[in-house]
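Okay, so the sequence shown: first residue is 128 according to the working numbering, each after it adds one.
Reviewing the structure listed below.
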Amino acid sequence: MTDSPLPIPSDAAKLPFYRRMQFKVVSAMVLLVCLAMGVSAYFSLRIAESGFTRVVSQEFQSTLEFSKTVFNVQAQAWTNWVRHLILDEQEHGLAEAMRGGRRTPVETYVTEHLPTALSKGATVVNREGVVIYRFHSPGNFGDNMGHVEIVRRALDAGEVSVAVVNELNRFMLYAAGPIRDNGSIVGALLIGEPIDNAFVQNIKRNTAMELAVVRDRAVMGSTLKDAEGTPIGDLPLPYLEYKMLLDQPDEIIEARFLGQRYFVAANPLELMDGITPGSLFLAVPRQRLDETEADIQRTFVWLAALVTAVTALVGVAVSHGLTRPIAELTRQVMRIAERGEFSVVEEPSNDETGILANRFNMMQGALRQSSDALRRHNETLEAKVKQRTRELQDEVEERRRAEDQMRHMASHDTLTGLPNRILLMDRIEGAIHNARRHARKCAVLFIDLDGFKAVNDTLGHDKGDILLKGVADRLRACVRENDTVARLGGDEFVILLVDLEDLNNTRPVAEKILVALSRPFDLDGHAGHIGASIGIAGYPDHGEGAQAILKQADHAMYDVKGAGKNSFVIAPHSQG
Numbered sequence: 128m129t130d131s132p133l134p135i136p137s138d139a140a141k142l143p144f145y146r147r148m149q150f151k152v153v154s155a156m157v158l159l160v161c162l163a164m165g166v167s168a169y170f171s172l173r174i175a176e177s178g179f180t181r182v183v184s185q186e187f188q189s190t191l192e193f194s195k196t197v198f199n200v201q202a203q204a205w206t207n208w209v210r211h212l213i214l215d216e217q218e219h220g221l222a223e224a225m226r227g228g229r230r231t232p233v234e235t236y237v238t239e240h241l242p243t244a245l246s247k248g249a250t251v252v253n254r255e256g257v258v259i260y261r262f263h264s265p266g267n268f269g270d271n272m273g274h275v276e277i278v279r280r281a282l283d284a285g286e287v288s289v290a291v292v293n294e295l296n297r298f299m300l301y302a303a304g305p306i307r308d309n310g311s312i313v314g315a316l317l318i319g320e321p322i323d324n325a326f327v328q329n330i331k332r333n334t335a336m337e338l339a340v341v342r343d344r345a346v347m348g349s350t351l352k353d354a355e356g357t358p359i360g361d362l363p364l365p366y367l368e369y370k371m372l373l374d375q376p377d378e379i380i381e382a383r384f385l386g387q388r389y390f391v392a393a394n395p396l397e398l399m400d401g402i403t404p405g406s407l408f409l410a411v412p413r414q415r416l417d418e419t420e421a422d423i424q425r426t427f428v429w430l431a432a433l434v435t436a437v438t439a440l441v442g443v444a445v446s447h448g449l450t451r452p453i454a455e456l457t458r459q460v461m462r463i464a465e466r467g468e469f470s471v472v473e474e475p476s477n478d479e480t481g482i483l484a485n486r487f488n489m490m491q492g493a494l495r496q497s498s499d500a501l502r503r504h505n506e507t508l509e510a511k512v513k514q515r516t517r518e519l520q521d522e523v524e525e526r527r528r529a530e531d532q533m534r535h536m537a538s539h540d541t542l543t544g545l546p547n548r549i550l551l552m553d554r555i556e557g558a559i560h561n562a563r564r565h566a567r568k569c570a571v572l573f574i575d576l577d578g579f580k581a582v583n584d585t586l587g588h589d590k591g592d593i594l595l596k597g598v599a600d601r602l603r604a605c606v607r608e609n610d611t612v613a614r615l616g617g618d619e620f621v622i623l624l625v626d627l628e629d630l631n632n633t634r635p636v637a638e639k640i641l642v643a644l645s646r647p648f649d650l651d652g653h654a655g656h657i658g659a660s661i662g663i664a665g666y667p668d669h670g671e672g673a674q675a676i677l678k679q680a681d682h683a684m685y686d687v688k689g690a691g692k693n694s695f696v697i698a699p700h701s702q703g
């Protein structure tokens, strides 16, 4: 067996080892310096951003406090006007105008006796809370505001109060007070103004950020404008981010909308009346922070370039001194490698280079033996790895089959192979979801076998099991592939019908089931005769959830039992 030459790396002839070592030393020094500069730049940017965030947070808090002050001042102003108007002697004129319950006398009184600024925000309701007059929407009267808290306070307790009211799909800052006729409360007067773009712009005049008043995600009033300069109508922020801001009023997040990035925050509106949430949305452009970060980055780029150049020069000098002693040794080793010999190199000294040469010579002597032993070991190891790989593949496949079987057993009836209650409830919920999304219906047929107990007691449980399997087969044959036949236990079965236009579409299926189950069953030479009582309920007629619909179908089945069995009935519509 001839000795094979040692492999020579392709780059070894182009760049000797000691040169590569010099390059690595210089590169390592430059990389360390660049890393240090990068870390320094990173933390500098984070410090700048943290400081800017604190400033923005303070601005947000100041704006929130100022906004609350504006709301409170306006609220107090409207409250004072209402107190003044309901105590004025002309109140009796308004009460008199309301006696007929007609809009025209009330409208005449309001326009003649209230100042223009007040009449534009005036609304009058009667003792039941029905709107008699509304200036800003004259075509919308007759609707009921009795559910509005400040109206109820005025009508029930005679109180004057103020709140932000969601009315006709917009926010109104209303103050409300009672209208009395000879001491009795006959209605309520509401004075206020809409919270619109003009209202929000009045707040912004004293702040450097953009504001919006939001209902759900619809913008009631805003200083934020789109590319055409039009105030936005919908909040340009994903719902989950907006919800997080409302849940954490002190949280500030960064978001991109309207062509640039903003720092944004939101705070629930105070004085809100009712369940419709309102919030004050604040935004400040990130541009100021970007300019600061750009200045820091430019400074660090110039500084990094200078430091890198100096480091490279120092590294070259240091690496040259380190690599000179091994340059000659490197050339000898490369010559040996090129000839493919196991010869030795000259040991020029007793320093580290001499020790390295000595160890190289020892390595050369053991290399041939090690190479042969290593080759044999690798062949043995490769054979073992292949064998173990095959064993692991077999184990994985066996475990996968076992897991599939366990999952099937957990969700299916062991006797009939039908879905059990767990899988059935999951499929009902899925059918309800699809029906809701596509404006369709789904239905549940609750089936209880009539006469099964007699067969089971007379012929034995073995024959009863055969009968149950036969029932399962016949039920599957009565429905479509995308419908579900399930067994709840005992002699109770449930069929889920999906993608229905009308609940009456279940009648042909129920009749088909009754006919199918009325035929005798062959129980190993014995004839089994049974019937079925079927109760039917569906979505959305009998409930919004699987449990509710199944319960309605169960009740309907018992109605069939009580009426003589072997029939079906659709449950009456749910009253909930």
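Note that the Cβ used here is the ideal one computed from N, Cα and C, for glycine as well.
- For N324, the enclosing alpha helix (DSSP H) stretches over residues 324-331.
- Inter-segment contact for the region 530-548 and the region 624-633 is absent: fewer than three beta-carbon pairs are separated by less than 8 Å.
- By the CB criterion at 7 Å, V258 and L316 fall outside the cutoff.
- DSSP places P232 in the helix class (H, G or I) of the three-state scheme.
- Here the alpha carbons of R614 and P635 stand approximately 21 Å from one another.
- Comparing C-alpha distances from A643 to each of C605, D668, L677, H669 shows the shortest one belongs to C605.
- In this structure, A382 sits away from L362, with a CB-CB distance that is not shorter than 7 Å.
- For K568, no alpha helix (DSSP H) run applies; the uninterrupted beta strand (DSSP E) run containing it begins and ends at 568-577, by DSSP.
- If you compare the alpha carbons of V571, E608, S288, G220 with that of A698, the shortest gap goes to V571.
- Look at the beta carbons and you see the region 289-299 not touching the region 308-315: under three pairs across the two are nearer than 8 Å.
- In the structure shown, the three-state DSSP call for Q375 is coil.
- In this structure, I306 lies away from L241, with their beta-carbon atoms at least 7 Å apart.
- The region 270-289 makes no contact with the region 329-348: fewer than 3 CB pairs, one atom from each, lie closer than 8 Å.
- Proximity to L373 across G405, G360, L351 peaks at G405, based on C-alpha coordinates.
- When only Cα atoms are considered, G689 and A683 end up about 10 Å apart.
- Judged by DSSP secondary structure, S645 falls within the alpha helix (DSSP H) whose first and last residues are 633-645.
- Within the same chain, V341, Y369, L372, L373, P376, S406, L407, F408, L409 come within 8 Å of A393 by CB-CB distance, once the 5 residues on both sides are set aside.
- Judged by their CB atoms, G348 and N324 are nearer to each other than the 7 Å cut-off.
- Straight-line measurement puts the Cα of E524 at about 20 Å from the Cα of K511.
- L602 is classed as buried because its beta carbon has at least 16 other beta carbons within 10 Å across all chains shown.
- In the three-state reduction of the DSSP assignment, D600 falls in the helix class.
- E608 is classed as exposed because its beta carbon has fewer than 16 other beta carbons within 10 Å across all chains shown.
- A contact is defined here as three or more CB-CB pairs under 8 Å, and the region 555-571 fails this definition with respect to the region 584-591.
- Closest option to A224, judged by alpha-carbon separation, among L595, N207, D308: D308.
- The three-state reading of DSSP puts A698 in coil, since its state is none of H, G, I, E or B.
- Within the same chain, Cβ atoms closer than 7 Å to the Cβ of E286 are found at R280, the five residues on either side in sequence being excluded.
- Here S538 has P546, N547, I549, L550 as same chain residues with Cβ atoms under 7 Å from its own Cβ, once five neighbours each way along the sequence are excluded.
- Between D618 and D649 the beta-carbon gap is near 18 Å, outside 8 Å, which marks them as no contact.
- Per DSSP, the unbroken alpha helix (DSSP H) holding G557 starts and ends at 548-565.
- For M684, there is no enclosing beta strand (DSSP E); the enclosing alpha helix (DSSP H) covers residues 673-689.
- Bridge pairing for V258: V252 [DSSP].
- Cβ neighbours of F326 within its own chain (closer than 6 Å, five residues either side excluded): G348.
- Under the three-state reduction of DSSP, K352 is assigned to strand.
- The Cβ atoms of I593 and A673 do not sit closer than 7 Å to each other.
- Considering only T350, G319, W429, the residue with the shortest C-alpha distance to I330 is T350.
- Within the same chain, and ignoring the five residues on either side of Q387 in sequence, the residues whose Cβ sits closer than 8 Å to its Cβ are P412, R413, Q414.
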